[in-house]
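Colleague:
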Ligand code: AMP
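In the numbering used here, the protein residues as written are 716 to 997.
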């Protein structure tokens with residue numbers, strides 16, 4: 716497994732793979748890998764000849780009061796895990812390499828970013844779409860794989876690819892969970908044992924909402940109120956948002972139809988966690 720630190724070298728490698736007729740996949744990550752990341756890599760590997768993982772904690776997608784400085788890291792462990800799932804190349808640029816002082820271009824998706832995390836994390840998605848564009852231009856993939864755990868990120872990137880005519884296929888992979896249901900996240904490492912117990916209320920509230928739907932409830936406000944009081948009944952929780960929306964436009968809905976997205980962001984102690992599910996007739 717090759718580790719590449721410069722954009723130039725990465726572009727040259729990818730270009731020669733393309734010339735040799737290889738189909739390239741990319742899995743972008745911010746490291747501190749867990750089974751969720753590894754699942755993305757397995758899917759990417761299945762669909763390609765050469766798998767590139769990027770490892771870059773992107774400063775421009777963090778707000779001033781967010782956890783960029785504390786973001787967990789374990790580069791050696793990550794490289795070992797990447798090797799174990801058959802990653803061919805790791806693209807690991809420095810912040811200076813990705814953002815030279817004179818860079819002044821931002822990629823911005825307009826409407827999809829005005830909902831959910833876009834409201835509580837202003838500028839976050841501009842950071843994401845800009846860095847993902849740069850990662851795409853550096854690694855030249857035919858295919859890129861993202862997790863449905865970050866559902867809004869997946870739809871925003873899919874929109875960007877469509878709007879900018881990027882010739883890259885985007886695949887979304889279902890959320891990988893701990894045995895008790897907690898969605899895997901690098902940020903789970905911030906939780907102390909009591910908070911970890913409380914954090915289960917995210918997944919449980921998704922199940923609660925799904926049950927209400929299947930028992931016949933269609934009113935979004937009723938489901939949201941029930942989810943809200945359930946989450947509030949768990950210690951250390953502070954709700955950022957509970958949203959029922961259209962899964963394609965992310966616009967709020969009043970009445971649940973054939974398919975709706977329930978998305979949550981909840982602070983547990985100091986840790987902001989997100990989770991989501993599609994609610995639909997089965
Ligand atoms: P991150 O390192 O948190 O930026 O995540 C890198 C990629 O892994 C993103 O596409 C995430 O959506 C995806 N991901 C993170 N956690 C999970 C999970 N529990 N299940 C599936 N994909 C995930």
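Cβ coordinates follow ideal geometry from the N, Cα and C atoms, glycine included.
Can you tell me where the alpha helix (DSSP H) holding residue 866 begins and where it ends?
Modeller: 866-878
Colleague: How big is the Cα-Cα spacing for residue 895 and residue 915?
Modeller: 8 Å
Colleague: Just checking, does the stretch 796-809 make contact with the stretch 839-846 on the three C-beta pairs under 8 Å criterion?
Modeller: Put simply, the stretch 796-809 does not touch the stretch 839-846. Fewer than three CB pairs are less than 8 Å apart.
Colleague: Relative to the ligand AMP, is the shortest distance from any of its heavy atoms to the C-beta of residue 864 smaller than 6 Å?
Modeller: yes
Colleague: Tell me whether the beta-carbon of residue 917 lies closer than 7 Å to the beta-carbon of residue 990.
Modeller: yes
Colleague: Return the bridge partner residues of residue 766 from the DSSP annotation.
Modeller: 740
Colleague: Report the rounded CA-to-CA distance for residue 885 versus residue 824, giving the unit in angstroms.
Modeller: Rounded to the nearest whole angstrom, the CA to CA distance from residue 885 to residue 824 is 16 Å.
Colleague: In chain order, what residues of the same chain lie with their CB nearer than 6 Å to the CB of residue 998, ignoring the 5 residues before and after it?
Modeller: This structure leaves residue 998 out entirely; the chain is present only between 716 and 997.
Colleague: Given 6 Å as the limit, tell me if residue 802 has its C-beta closer than that to any heavy atom belonging to the ligand AMP.
Modeller: no
Colleague: DSSP beta-bridge partners for residue 1006?
Modeller: Past the boundaries of the shown model lies residue 1006; the chain is included only from 716 to 997, so the question cannot be answered.
Colleague: Roughly how many whole angstroms lie between the Cα atoms of residue 726 and residue 879?
Modeller: 20 Å
Colleague: So, with DSSP's three-state summary, where would you put residue 782?
Modeller: coil
Colleague: Taking 7 Å as the cut-off, decide whether the C-beta atoms of residue 951 and residue 972 are in contact.
Modeller: no
Colleague: I want to check one thing, is the minimum distance from the CB of residue 898 to the heavy atoms of the ligand AMP below 6 Å?
Modeller: Residue 898: yes, Cβ under 6 Å from the ligand AMP.
Colleague: Pairs of beta-carbons, one from the stretch 857-875 and one from the stretch 825-835, closer than 8 Å: are there three or more?
Modeller: yes
Colleague: Helix, strand or coil for residue 836, going by three-state DSSP, please let me know.
Modeller: coil
Colleague: Our contact map puts residue 954 next to residue 940 with C-beta atoms below 8 Å; I'd like the distance itself, whole angstroms only.
Modeller: Not quite, the Cβ-Cβ distance comes to about 12 Å (not below 8 Å), so this is no contact.
Colleague: With a CB to CB cut of under 7 Å and the five nearest residues on each side skipped, what residues in its chain are close to residue 968?
Modeller: 935, 959, 960, 961 and 975
Colleague: Can you determine whether any heavy atom of the ligand AMP sits closer than 6 Å to the C-beta of residue 891, and answer yes or no?
Modeller: Taken from the Cβ of residue 891, at least one heavy atom of the ligand AMP lies inside 6 Å.
Colleague: Can we count residue 820 as close to the ligand AMP, meaning its CB is less than 6 Å from some heavy atom?
Modeller: no
Colleague: Relative to the C-alpha of residue 801, which residue among 783, 774 and 767 is closest?
Modeller: 767
Colleague: For the beta strand (DSSP E) holding residue 861, just list the boundary residues, first then last.
Modeller: 858-862
Colleague: So, residue 862 versus residue 755, is the Cβ gap smaller than 7 Å?
Modeller: yes
Colleague: Hey, would you say the C-beta of residue 745 is under 6 Å away from at least one heavy atom of the ligand AMP?
Modeller: Residue 745: yes, Cβ under 6 Å from the ligand AMP.
Colleague: Closest by CA to residue 731, which one among 854, 957, 912 and 931?
Modeller: 854
Colleague: Beta-carbon separation of residue 779 and residue 904 under 7 Å?
Modeller: Contact: no.
Colleague: Let's see if you can read the secondary structure: which residues bound the alpha helix (DSSP H) around residue 734?
Modeller: 722-734
Colleague: Do residue 844 and residue 860 have their C-beta atoms within less than 7 Å of each other?
Modeller: no
Colleague: Please go through the same chain and pick out, in chain order, the residues whose beta-carbon is closer than 8 Å to the beta-carbon of residue 813, but skip the five residues on each side of it.
Modeller: Only residues of its own chain outside the window of five on either side were considered, and among them 722, 771, 773, 846 and 849 have a CB closer than 8 Å to the CB of residue 813, listed in chain order.
Colleague: Is it the case that the Cβ atoms of residue 799 and residue 763 are separated by a distance below 7 Å?
Modeller: no
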